[in-house]
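Note that the sequence shown covers residues 2 to 181 in our numbering.
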Amino acid sequence: MAKFRFVCGIAAALAAATLFAGIMGKWFNNKSLPPAHAQPLATSTPGEPASPFPADDRGFVNSAARCDGTQTALAVGRTQRSLVVICADQNGNYQYRGVRISDGALLQEPAETTSDGGFVARNDDMTYTVSAKQLMVTSGETVINQEPMSEYRQPHPFSAEAGAPRPNPTTTSGAPGPAR
């Protein structure tokens, strides 16, 4: 009889251990992470890297480099040091809005188109030229700063000859240039 109790005790212990292991294994395997509730910062097309400065069809979100509600963004560009948007109002006037990323300083000046589809704005003796390739700042013939575009898009492209928006948006993007 002692042998029978011993065997029953071992069988009961093994059954309890198996039951415990099964319950714990099932509990660990079914335990899920809480659902994620993060929202994307900006919309981007598949395959396009997300920008640290979200932008939409009016310019950069939560930035002074953004068109007013009555304006249309014709060009939105980012360099390593600057955010730039070219806005057009209902009368066909263009405005350059550039923000220095380091301190948030805003330059807002009237702009005009260039023959190659870019834009130019002037502030005192400084000229700011915006193209899909770069933002260039000059004083007379001297280049003060030349910043390659790391992002550039035309949410509402225009014809430089006619100055009127075109219907199809375009986007170009490239690697940021070296830090200066």
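Where a beta carbon is used, it is the ideal one built from N, C-alpha and C, also for glycine. No experiment lies behind these values; they were computed from the predicted model shown.
It is roughly 15 Å from the alpha-carbon of residue 111 to the alpha-carbon of residue 100.
Residue state for residue 148 is assigned as strand, using DSSP reduced to three classes. Distance between residue 151 and residue 78, taken at the CA atoms: about 8 Å. Residue range 127-131 is occupied by the beta strand (DSSP E) that includes residue 131. The C-beta of residue 136 has 16 or more other C-beta atoms within 10 Å across all chains shown, which makes the residue buried. According to the DSSP assignment, residue 120 belongs to the beta strand (DSSP E) that extends over 120-124. When 57, 102, 126, 147 are compared, the shortest CA-CA separation from residue 76 is found for 57. With respect to the 7 Å criterion, residue 89 and residue 73 are classified as neighbours on the basis of their beta carbons. Residue 121 has its alpha-carbon roughly 23 Å from the corresponding atom of residue 62. Annotated three-state conformation of residue 60 is strand, per DSSP.
CA-to-CA, the gap between residue 92 and residue 133 works out to about 24 Å. Contact between residue 86 and residue 66 holds: CB atoms are separated by about 5 Å, below the 8 Å threshold.
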